[in-house]
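Q:
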């Protein structure tokens, strides 16, 4: 009985002591958080004397914070002597030496650690991690490299080293490590590309990557991962011709199904490299047979790419007619069905907006809508297109019926809101401004930014000009000009715009007319002609409706059409400084930062 009483008494004493120590530790941590480090140090010193092993890190770090380096060195040496096999104390001692400016002493400590490196994988990782956490990544790297030698495994610790090289932005080492790692782990190629795109910066870095890849190809010509990475490298440098050449050579070596070429062609098209994409699709068509899905997809995308190439530049009537023939030949070869409906739709848009063959476009869209089991999204999209054709062919009643059908459909919210916007624009074209504004005011809260922006601008246009002229005479003429722009008949639009001032002098549409003329010129790819009009809006109508639009459009033209990045930056910065409430503010800020060379969060 006496034994049990003594046991419980000792247990009580120990519990009480532990509770007191925990309370003291919390108090010291609170002092540190409040910036009262000397008070925290006194408590840590007392706790350390009670239990050196448990409270060494707290006491040591507090000493470092207060630059009491002699005392920190002293306790680190004592703990090294007490626990010679515990590397954390040697790391602490090396850290003190570095703080004191004794790099040679620190190096001696680290060299001793490297000589006595543990012999198993996990212990090496643990030791290197302690150095990394102590903000000494150089030694962590040396530990991993020495660990490879000790384990006789040149591939050991590859991912750990890649992470450290990325953290330190050691580009050459990162490239070398990945090029060693990928042949045995080709599934990591996308991760490698993402990592390198975040670290490599500029042509010199990518030239270094290309040089190293070419060396590896010479050393191991049968390896596929190097040519694949080389293709990616060419894409990063916008050398689209070489990217395609490399990919085609690799596809021929593999004798594969061409899926990688198809994906590359889509990337090339997205980057405006239409000639290279066309060549890639032609390769796939020559490789396949009519009963293969790749052949069909390549045929369709080839024509779509030709469409983009023609319409992205100044084109002739012969260009458009040649493109129309390509679509018709495709439909003759594969028939008209749900699987070719998207090609039929693109042909209808070409006939309506570019060739102004309204009857043919209407018939084609009506045929698509009648196809059984047509995808709902395609069905609604074609109904909207058919409504547009009705607008262009002066059948407004038929157009509004179709738009209203799509509005009430249980489909994509964006499509239904788009239908509502088109109905509102139709009312605007017709001069029914009150009804149009009511619909537009609802759409100002649309989920799609583009729809919301269009609705807001058109609503303000109606509001501002009816306030000046309640009859809306000048606005009706302006709306007719807008309709001609929609129909892609620019000569009639400009003629109508020029007539507004003559018929309605002193109207309030000066900036609106300038913006419409600028958009016509942009539609015609005459960017140099559009710039003076947009600058006039930005300079002389800086508080009117289209001011921020004009500034942003100038930035976009200089960046993407005239390749003048410095001027583009100037206009994006103007949005940020002069129009902080603009709907373009986030996009302008992002583009400005990219042009300035910033690495955005999540950018790869």
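In mature numbering (1 follows the signal peptide of the UniProt record, and there is no 0), the protein residues as written are -20 to -1, 1 to 584. Positions of the beta carbon are idealized from the N, C-alpha and C atoms, including for glycine. Quick caveat, the model's predicted, so the values are computed rather than measured.
Using the Cβ count rule (16 or more neighbours within 10 Å means buried), how would you classify residue 415?
A: Exposed is the call here.
Q: From this set, 287, 84, 376, which residue's C-alpha is nearest residue 331's C-alpha?
A: If we check each option's Cα against that of residue 331, 287 comes out closest.
Q: According to DSSP, is residue 220 part of a helix, a strand, or is it coil?
A: It is helical.
Q: Can you tell me where the alpha helix (DSSP H) with residue 363 in it begins and where it stops?
A: Its alpha helix (DSSP H) spans residues 356 to 372.
Q: Going by the CB atoms, is the gap between residue 237 and residue 176 shorter than 9 Å?
A: Against a cut-off of 9 Å, the Cβ pair of residue 237 and residue 176 comes out as no contact.
Q: Would you identify the three-state DSSP class for residue 387, choosing helix, strand or coil?
A: Helix, per DSSP.
Q: Quick check on the DSSP output: what are the complete alpha helix (DSSP H) runs of length 4 or more inside the stretch 464 to 520, in order along the chain?
A: Correct list: 470 to 483, 490 to 503, 507 to 520.
Q: Do you know offhand how far residue 44's Cα is from residue 76's?
A: Cα-Cα distance, rounded: 8 Å.
Q: Which of the three DSSP states is assigned to residue 130 in this structure?
A: Helix at residue 130.
Q: Return the CA-CA distance between residue 206 and residue 328, expressed in angstroms with no decimal places.
A: Their backbone Cα atoms lie some 44 Å apart in a straight line.
Q: Distance check for residue 110 and residue 537, CA to CA, integer angstroms please.
A: Cα to Cα, the separation comes out at about 52 Å.
Q: Residue 512: which of 86, 426, 498 sits nearest, CA to CA?
A: Nearest of 86, 426, 498 to residue 512, Cα basis: 498.
Q: Cβ of residue 325 within 9 Å of Cβ of residue 361?
A: Yes, these two residues count as a Cβ contact at 9 Å.
Q: Which same chain residues, not among the five before or five after residue 421, have their C-beta less than 7 Å away from its C-beta?
A: Hits under 7 Å: 439.
Q: Ignore the nearest five residues each way along the sequence and tell me which others in residue 35's own chain have a CB closer than 7 Å to its CB.
A: For residue 35, where only same-chain residues beyond five positions count, the Cβ hits under 7 Å are 24, 27, 28.
Q: Along the chain, where does the alpha helix (DSSP H) that runs through residue 415 open and close?
A: Per DSSP, residue 415 belongs to the alpha helix (DSSP H) from 413 to 423.
Q: What distance in whole Å lies between the Cβ atoms of residue 470 and residue 517, which are believed to be in contact at a cut-off of 8 Å?
A: Actually they are not in contact, since the Cβ atoms of residue 517 and residue 470 sit about 19 Å apart, beyond 8 Å.
Q: So, residue 564 versus residue 532, is the Cβ gap smaller than 9 Å?
A: In contact: residue 564 and residue 532 (Cβ atoms closer than 9 Å).
Q: Specify, as a first and last residue, the run of the alpha helix (DSSP H) that residue 182 falls within.
A: Counting along the chain, residue 182 falls outside any alpha helix (DSSP H), and DSSP gives it neither H nor E.
Q: Measuring only the C-alpha atoms, how far is residue 304 from residue 510?
A: Roughly 29 Å separates the two Cα atoms.
Q: Could you tell me whether the stretch 153 to 162 touches the stretch 128 to 144, using the rule of 3 or more Cβ pairs below 8 Å?
A: Because the criterion of three Cβ pairs below 8 Å is met, the stretch 153 to 162 and the stretch 128 to 144 touch.
Q: So residue 423 packs on residue 407, CB below 8 Å; how close in whole Å?
A: With 8 Å as the limit, residue 423 and residue 407 do not qualify as a contact, their Cβ atoms being about 13 Å apart.
Q: Does the beta-carbon distance from residue 441 to residue 365 come in below 9 Å?
A: No, these two residues do not count as a Cβ contact at 9 Å.
Q: When the distance is taken between beta carbons, is residue 220 closer than 9 Å to residue 262?
A: No, Cβ-Cβ distance for residue 262 and residue 220 is not below 9 Å.
Q: By how many angstroms is the C-alpha of residue 119 removed from the C-alpha of residue 127?
A: Roughly 12 Å separates the two Cα atoms.
Q: By the 10 Å Cβ neighbour count, where 16 or more other Cβ atoms means buried, how is residue 69 classified, buried or exposed?
A: By the neighbour-count rule (16 or more Cβ atoms within 10 Å), residue 69 is buried.
Q: Is residue 137 helix, strand or coil when you go by DSSP?
A: Correct three-state label for residue 137: coil.
Q: Smallest Cα separation from residue 403: which of 393, 392, 378, 390?
A: When only C-alpha atoms are compared, the closest one is 378.
Q: Nearest-angstrom Cα distance between residue 21 and residue 33?
A: Cα-Cα distance, rounded: 16 Å.
Q: Alpha carbon to alpha carbon, how far is residue 185 from residue 573? Give it in angstroms, no decimals.
A: Each residue's Cα considered, the two are about 21 Å apart.
Q: So, for residue 114: in the same chain, excluding its five sequence neighbours on each side, which residues have a beta-carbon less than 7 Å away from its beta-carbon?
A: The answer, listed in chain order, is 71, 75.
Q: Using only CA atoms, which one of 454, 172, 425 lies nearest to residue 411?
A: Among 454, 172, 425, the Cα nearest to that of residue 411 belongs to 454.
Q: Buried or exposed: which applies to residue 457, given that a residue is buried once 16 or more other Cβ atoms fall within 10 Å of its Cβ?
A: Buried is the call here.
Q: From which residue to which residue does the alpha helix (DSSP H) around residue 568 run?
A: Where residue 568 is concerned, the enclosing alpha helix (DSSP H) stretches over 565 to 576.
Q: From the DSSP output, in three-state form, read off residue 350 for me.
A: Reduced to three states, the DSSP call for residue 350 is coil.
Q: How big is the Cα-Cα spacing for residue 283 and residue 359?
A: For residue 283 and residue 359, the distance between alpha carbons rounds to 22 Å.
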